[in-house]
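The structure appears right after this line, and notes come after that.
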Amino acid sequence: MASSEVIRYAVEFGDSLRRALGPAAPTADLDAMQAAAQQLDLLAQQAPSASAWTAAVDAWTAARDKIAAHLHRYLLEGLPDIPGLQELVRALNWDSPQGLNGELPLGPLKLAFSSSSLVLQPKLPDNTTLPPFTVGPQQPSGIAVSLPSPFGGGLPGGGAIVRLPSSAGFGGALNVPLGPVSVSASAVLERLPDGVPSFLALMGVSFVPPIQLSFGFSLDRVGGLVGVHRRADTEALALAVRTGAAADTLLATRPPANPGIAIEALRRFFPAFRDHHLIAPTLRLAWLSAGAGSFLSLDLGLVAEVPSGKVVLLGVARAGIPGVPGLVQLRLDLLGIVDPAQALISIDASLVDSHVLGVFSVYGDAAMRLHWGSQAYAVVSIGGFYPGFNPEPAQLPALRRVGLSLQTLGGPLSIRAEGYLAFTSNTIQLGGRFDITFSMGLTAHGFLQLDALVQFRPFAFVANASAGFDVRAGGFSFGGVRLDGTVSGPGPLVIRGRLTIETFLFDVSWDETFTLGSGPADMAASPGELLTIVQQEIVRAGNVRAASIDDPAVVLAPRPTRPGVAAVPPTGALQWSQRRAPLGLPIDRVDGLPLPARAGVRVLTPGDPVTERFAPGHYCNLNEAEQLNRPPFDMLDAGVVLSSGAAHYSTHVDDTRKVELVVIPPELQDAEVAARTDLRAIAHLVAASHRPPALGSNAQLIHATREVWATVPPTEFASYTSATAAHAFARGNSTGGAVPMADLLSPVDLSGI
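Under UniProt numbering, the first residue of the sequence shown is numbered 1, with each subsequent residue one higher.
Below you can see the structure in the form of structure tokens.
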């Protein structure tokens, strides 16, 4: 054992006791223990003499014995308080080189406790090996749990209680066979930084044999998940869908290698989070069950997170032939998310561990995104997109092509076929590729590839086709031929072709382009003048509403509303806002269609601006650098608040009133107090407290100032409240750009750099 382990052991022991005992920790004894550990560290590699080593050992033993009564706190930190466990640990000896081992019966359960020991055995200068010295026992990683079958015979149940990293808490897993059913459970208990406990429990009951329903369907398993102060990490779940780890954890499709893996996966997918809670029912349905398998099975888990309203659907569909797993084995993992906060519905699906006939591997990914927010979009992809296509604003992971491959181990033949199909709000894309390779000394490779994209508005299409064959040996090409072609249109229809012939001495290529027709390309329909579009939004009833101004001195009585009419209180204002186009900056497109000319609309009526989230790339032509460096959304002007101007106050008049003080002696009885007290005012106050408030308070608790931008050289306006507006105006200059006003007023001197 490395000598540095001695110091680490003493430090961990001291930190553990300080966490457990707080101010009552024996600080002086712990410091003496760390000093003795440093002395052992100096002599552990090679002691100068036996007496020096003995003195260091005696110092360590003396320091250790002073805190021997607290050994159980160190060993059991982070583990649950199980009756009898502390007594078992106290009875164990520090000095056993084999570590600590003990068993504890707890009803029908049997707990096994084991811990390794830190042992040192230095050498003297004459290479004499000194007797081994046991420094002390290490913290156990967990407690093993075993349970005999209550029905006799059969497989026993078991599990473990494990310590979480950094002693944040503990987790446990248990599997109990109960004759026709098998119960499995996993749980995590830890504390948040403010001390609030966070709990997560996952439980499942499997039926053996399954419960038969009808038409060949059966119910194989039911279960559920409950989380207190927990949230669903959708990003971690989406990444785990590719490997099947998400379903393996929540739906128990594959038992984990050890309980610690399942517990860590639960913590990763459902991390602790204050004031968020989870509930999730799970089940497994099968069709045509035969023996230990079925032809089709479906695992489903529905996770609901409150109060966020997020819903996560996790599913696994499997198909196979029972008893012949190598013939057909298909598994599709699916993750669906409904996130009201982001106004987004997303679906991710992946083929996991799938193969056919034992030699063909089946793979691929699919995804769907549906956004109903201010910038609505819909994207569906099976196997990815046309090469180079960017599906923004949708955020999708890199998708594998859907296909199958034949790769025999050590065999000469390799075959791969894959394809994709994608739909967006304005395009349809499809394509595929077929590769075949034969290798026996020489390697012959041939391929055929097709990619096509059709755009609806304005109508356009492009299709690329490639085919080739070559022969290689050791990376050297003996010869080959390749044909590439592209067809694009309309107006005109352009056909490009390239033929390349490779030899081991030289290459020959021919390029040709054919143009058919001379008509103009399809032009996108113009949305009309921008000013006309904004005028249409002004008269739209849904864009106008009442904006209340908080006035604690005025409370309005609730009144029935009239459809289509915005009732404005005397202390309120009229607010108009729209989400069709940002105001106050020049834009190039509206509704995804190009404007006849670059234009902008600015509201000149006095009033406070109303801002909304807009995607600048949806309205302005941005180059690649701007697309990479600019945020996808910006708060831009969308309307204005119209008020009646400054408040007018009436003339101040003093109103002097006399107040009568009534003192009720404590010796009066309740009846006498009631007789002398006018309860009408109190009754009115109580009744008023039960009425709904007529006007809520919209006072801000946090005030933030938006950054002001300027253009260099100056443009029409001195300043702008958003980077998008400043860049849009600066684009009209041949030189210069947009900078924050703070940087313009206090520039950084870069001379000499």
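We treat Cβ as the ideally placed atom computed from N, Cα and C, and that holds for glycine.
Use the C-beta contact count for Gly-517: other C-beta atoms within 10 angstroms, 16 or more gives buried, fewer gives exposed.
The residue in question, Gly-517, is exposed, as its Cβ has fewer than 16 Cβ neighbours within 10 Å.
Cβ-Cβ distance between Thr-262 and Ala-173 below 8 Å
Thr is not the amino acid found at residue 262; the sequence shown has Ala there. It is a contact, given that the beta carbons lie within the stated cut-off.
Hey, would you say Ser-117 sits closer than 8 Å to Gln-139, going by beta carbons?
Against a cut-off of 8 Å, the Cβ pair of Gln-139 and Ser-117 comes out as no contact.
Minimum length 3: unbroken beta strand (DSSP E) runs contained in the region 543-618
For the region 543-618, whole beta strand (DSSP E) runs of length 3 or above, ordered along the chain, are 544-547, 573-577, 587-590, 593-599 and 608-614.
Mind checking which residues open and close the alpha helix (DSSP H) that includes Arg-496?
Where Arg-496 is concerned, there is no enclosing alpha helix (DSSP H), although the beta strand (DSSP E) around it starts and stops at 493-503.
Given this structure, state the Cα-to-Cα distance separating Asp-348 from Val-316, to the nearest angstrom.
The straight-line gap separating the alpha-carbon atoms of Asp-348 and Val-316 is approximately 12 Å.
Does the beta-carbon of Asn-175 have 16 or more other beta-carbons within 10 angstroms, so that it is buried, or is it exposed?
It counts as buried.
Pull up the distance between the alpha-carbon of Ala-599 and that of Ala-728, whole angstroms please.
Computed Cα separation, rounded: 11 Å.
Count the C-beta pairs between the region 268-282 and the region 223-239 that are closer than 8 Å, then say yes if the count reaches three, no if not.
Yes: at least three Cβ pairs fall under 8 Å.
State yes or no: is the C-beta of Phe-207 nearer than 7 Å to some heavy atom of the ligand ATP?
Of the ligands one can find in the structure shown there are none, so the ligand ATP has no counterpart to examine.
Residues in the same chain with beta-carbon distance under 6 Å from Val-494, minus the five sequence neighbours each way, listed in chain order, please.
The beta carbon of Val-494 is closer than 6 Å to those of Ser-488 and Thr-515 in its chain, skipping five residues each way along the sequence.
Which class does Arg-630 belong to by DSSP, given the choice of helix, strand or coil?
For Arg-630, the secondary structure class from DSSP, reduced to helix, strand or coil, is coil.
Have a look at Gly-364 and Gln-342 and give me their C-alpha separation to the nearest angstrom.
If you take the alpha carbons of Gly-364 and Gln-342, they lie about 27 Å apart.
Measure the C-alpha to C-alpha separation of Val-641 and Pro-606 and round it to an integer number of angstroms.
Straight through space, the alpha carbons of Pro-606 and Val-641 are spaced by roughly 8 Å.
What does the alpha-carbon distance come out to for the pair Asp-743 and Pro-492?
The straight-line gap separating the alpha-carbon atoms of Asp-743 and Pro-492 is approximately 50 Å.
What separation, rounded to the nearest whole angstrom, lies between the Cα atoms of residue 758 and Ala-36?
No answer is possible for residue 758: the residues shown for the chain start at 1 and end at 753.
Arg-630 to Arg-613, Cα distance in whole Å?
Each residue's CA atom was taken as its position, placing Arg-630 and Arg-613 some 14 Å apart.
Between the region 74-88 and the region 39-56, can you find at least three pairs of beta-carbon atoms closer than 8 Å?
Proximity of the region 39-56 to the region 74-88 falls short of the contact definition, fewer than three beta-carbon pairs being nearer than 8 Å.
Using 8 Å as the threshold, is the C-beta distance between Asp-591 and Cys-620 below it?
No; because the gap between Cβ atoms is not below 8 Å, this pair is not in contact.
Express the C-alpha separation of Gln-39 and Lys-123 in angstroms, rounding to a whole number.
For Lys-123 and Gln-39, the distance between alpha carbons rounds to 15 Å.
Please look up how many angstroms separate the CB atoms of Val-610 and Gly-639, rounded, as I've assumed it's under 8 Å.
About 4 Å; that satisfies the 8 Å criterion.
Please name the residue in Ile-382, Val-89, Arg-331 and Ile-345 whose C-alpha comes closest to that of Ser-361.
It is Arg-331 whose Cα lies nearest to the Cα of Ser-361.
Is the beta carbon of Phe-504 less than 8 Å from the beta carbon of Ser-526?
With a cutoff of 8 Å on beta-carbon distance, Phe-504 and Ser-526 are scored as not near each other.
Give me the Cα-Cα distance between Ser-751 and Glu-626, rounded to the nearest whole angstrom.
About 27 Å.
With burial defined as no fewer than 16 other Cβ atoms inside 10 Å of the residue's Cβ, what is the status of Gly-195: buried or exposed?
With fewer than 16 other Cβ atoms within 10 Å, it is exposed.
Going straight from the alpha carbon of Met-635 to that of Gln-395, what length do you get?
Going from the Cα of Met-635 to the Cα of Gln-395 covers about 20 Å.
For Met-440, collect the residues of the same chain with a Cβ closer than 7 Å to its Cβ; drop the 5 residues on either side in sequence, then sort them by chain order.
Only Pro-412 meet the Cβ criterion.
Can you tell me which of Leu-100, Gln-121 and Ala-59 puts its alpha carbon nearest to the alpha carbon of Ala-44?
The shortest Cα separation from Ala-44 among Leu-100, Gln-121 and Ala-59 belongs to Gln-121.
Output the distance between the C-alpha atoms of Val-328 and Val-205, rounded to the nearest integer angstrom.
Whole-angstrom Cα-Cα distance: 28 Å.
Rounded C-alpha distance that separates Leu-17 from Pro-132:
Cα to Cα, the separation comes out at about 27 Å.
Which residues in the same chain as Ile-211 place their Cβ atom closer than 7 Å to its Cβ, once the five residues preceding and following it in sequence are excluded?
Correct list, in chain order: Ser-218 and Leu-219.
First through last residue of the alpha helix (DSSP H) which encompasses Trp-53
Trp-53 -> alpha helix (DSSP H) spans 50-66.
Within the chosen definition, does the region 27-34 reach the region 99-110 through at least 3 CB pairs nearer than 8 Å?
Judged by Cβ distances under 8 Å, the region 27-34 makes no contact with the region 99-110, as fewer than three pairs qualify.
How big is the Cα-Cα spacing for residue 772 and Val-303?
A question about residue 772 goes unanswered here, because the residues of the chain that appear run from 1 up to 753.
Taking all protein chains shown into account, do 16 or more other C-beta atoms lie within 10 angstroms of the C-beta of Pro-193, making it buried, or fewer, making it exposed?
Of the other Cβ atoms in all chains shown, fewer than 16 fall within 10 Å of the Cβ of Pro-193; this residue is therefore exposed.
Of all Cβ atoms in chain B, is any one closer than 8 Å to the Cβ of Gly-383?
Absence of chain B from the displayed structure is noted, only one protein chain being present.
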